[in-house]
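In what follows, a single structure is set out as structure tokens and then discussed.
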Amino acid sequence: MWILAGIAVLGLMVLVHEFGHFLVAQLFAVRVDVFSIGFGPRLFGRRRGATDYRVSALPLGGYVKMAGDDPSGERAGAPDEFLSKPRWQRALIALAGPTTNIVMAVLLLTGLYTYRYERPAFLDQPAVIGAVTPDSPAAGAGLQPGDRIVRLGSLRAPTWEDVLVESALSGGSVPVEIERGGTRLTLELVLPENVQEEPWQVGWVPESQFVIRTVLPDTPAARAGFRAGDVVLAVNGEPLRILPGGENPLSAKLQQLGGQPVTLTIERDAVRQDVVVTPEYADHPDGGQRWVMGVELVGRTARKELGVVQAFWVSLEDNWQSSGRMLGLVGRLFTGRASLRGVQGPVGIVRFSGQAGEAGGVPAVVGLMSLISLSLGILNLLPIPVLDGGHIAMLAVEGGLRRDLSLRVKERLLQAGVVFLLLVFAVVMYNDIARIFTN
């Protein structure tokens, strides 16, 4: 079901993009011949005025067909044709699609943050390493528990969110400056190829805290007096750490100890205390049997109640930062400092939508919808022929020259743009499909 939802999410964001073009074309009295939901053969629809509003066979977005909208074509002379309009109007029509996507991204996050604003608490904390996975890139670089990352690449005083994003956008190796025992050291970290998909494969584990969300009745945890909201700090004196791959660290520790009594250091109402509990061997929801306490453990989160106005400003800030990261990634791709290996295409987007839905339900899908919409908006503004940004760039050049580019020049530019995008699309699709089989 969530895979179908992923297809619908991608299609809806493409449709939003086309609707932006449609609205501004109507504003400037450009004749729109077709507004289609989906692609391919027409299934049904209704003609209103000059426009055929239709539903087509393939529900993968949609398209708008304007009269005379071939950028390489020549004016036929009709006043309601796209090419008959002034350059500034054509530029605004081209700009409307990406702008609508960006506005939609802001509105989606605003709605989500008004409903619930919650994020892992460690993301906003200084990047202090809690543990290092053996035989990992982080271990190979010489990183140790307790190291504070003061610079990663060109990024100074990063939070964990900064570190995860910067490492995902970087490629190859990156210099890491750390502070250890009052001394600063610079190490060279070789990033794994799949860092965009699996950031924890680097092998650094942040200092973090875990909270008991639920205590099941008639279990060792319930009998020992644990409560929902207790913060678990340590097991037998060892701090509880995030584990690569999302494994439950408390469950992993219980299996390791084989049912022995364990002492959990917890914090309740700002008071620390030790609680002893003996696990029991019982059925597990995922199948089989294992040592359990009877609690649901989650990472500690920072949760705020936001009004609509405050949620809007937070959404605006988050989308601004995401836009900067996307443009930074594009710059690194063009300069060879990042690889297309981690870039997601349509198959990857649908897969992530399904995973988001299964893991986080509707709120996670809404957050992903916002990111997809923003990506469509930002990437379509790139000055590549065929994309909206390419059309705007050509119109700007024509405006500067005060004459139209020749039909031959336009055709060559569009052909180059098509070839470039097809090559990128082929590489991204190959990586998408390869990831399915390797995972």
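Heads up: the sequence shown begins at 29 in this note's numbering, then just goes up one per residue.
Cβ coordinates follow ideal geometry from the N, Cα and C atoms, glycine included.
Predicted model, so just to flag it, every value in this text is computed and none were measured.
Option nearest residue i by Cα separation, candidates the options
i: residue 515; options: 400, 239 and 177; result: Here the chain has residues from 29 to 467 only, and residue 515 is not among them.
i: residue 91; options: 41, 269 and 266; result: 41
i: residue 355; options: 404, 396 and 392; result: 404
i: residue 183; options: 203, 147, 425 and 82; result: 203
i: residue 67; options: 112, 443, 82 and 58; result: 82
i: residue 113; options: 53, 451 and 250; result: 53
i: residue 227; options: 188, 329 and 249; result: 188
i: residue 219; options: 201, 55, 442 and 209; result: 201
i: residue 97; options: 395, 69, 349 and 50; result: 50
i: residue 328; options: 351, 77, 147 and 265; result: 147
Proximity below 9 Å, CB of residue i to CB of residue j
i: residue 303; j: residue 253; result: yes
i: residue 283; j: residue 149; result: no
i: residue 13; j: residue 322; result: Limits of the chain in this structure are 29 at one end and 467 at the other, which puts residue 13 out of reach.
i: residue 95; j: residue 110; result: yes
i: residue 336; j: residue 214; result: no
i: residue 154; j: residue 186; result: yes
i: residue 35; j: residue 401; result: no
i: residue 270; j: residue 324; result: no
i: residue 413; j: residue 452; result: no
i: residue 279; j: residue 229; result: no
i: residue 221; j: residue 267; result: no
i: residue 360; j: residue 198; result: yes
Beta-carbon contacts of residue i that lie in its chain and below 7 Å, excluding the five residues immediately before and after
i: residue 420; result: 119, 122 and 123
i: residue 232; result: 157, 160, 166 and 171
i: residue 128; result: 44, 45, 47 and 48
i: residue 191; result: 155, 177 and 180
i: residue 57; result: 108
i: residue 517; result: Nothing about residue 517 can be reported from this structure: the residues present for the chain run from 29 to 467 only.
i: residue 248; result: 305, 306, 307, 308, 321 and 322
i: residue 346; result: 137
Own chain, CB closer than 6 Å to residue i, minus 5 neighbours either side, in chain order
i: residue 415; result: 408
i: residue 397; result: 37 and 136
i: residue 432; result: 426
i: residue 257; result: none
i: residue 93; result: 61 and 62
Where residue i falls, given that 16 or more other Cβ within 10 Å makes a residue buried
i: residue 46; result: buried
i: residue 319; result: buried
i: residue 390; result: exposed
i: residue 74; result: exposed
i: residue 84; result: buried
i: residue 242; result: exposed
i: residue 194; result: buried
i: residue 79; result: buried
i: residue 196; result: buried
i: residue 330; result: exposed
i: residue 399; result: buried
i: residue 448; result: exposed
i: residue 332; result: exposed
i: residue 339; result: buried
i: residue 27; result: Residue 27 is absent from the model: the chain starts at 29 and stops at 467.
i: residue 441; result: buried
i: residue 343; result: buried
i: residue 244; result: exposed
Nonlocal neighbours in the same chain, by C-beta distance under 8 Å from residue i, ignoring five residues either side
i: residue 115; result: 423, 426 and 427
i: residue 436; result: none
i: residue 175; result: 156, 157, 206, 207 and 208
i: residue 411; result: 417, 418, 420 and 421
i: residue 169; result: 204, 215, 216, 217 and 218
i: residue 126; result: 45, 48, 404, 405, 406, 408, 409, 416 and 417
i: residue 71; result: 82, 83, 84 and 85
i: residue 317; result: 309, 310 and 311
Three CB pairs or more closer than 8 Å across the stretch 136-143 and the stretch 53-63: By the C-beta criterion, the stretch 136-143 is judged not to be in contact with the stretch 53-63, since fewer than 3 inter-stretch pairs fall below 8 Å.
contact_flag[the stretch 285-297, the stretch 249-266] where n(CB pairs < 8 Å) is 3 or more: As far as the Cβ criterion goes, the stretch 285-297 touches the stretch 249-266, which means the pair count is three or higher.
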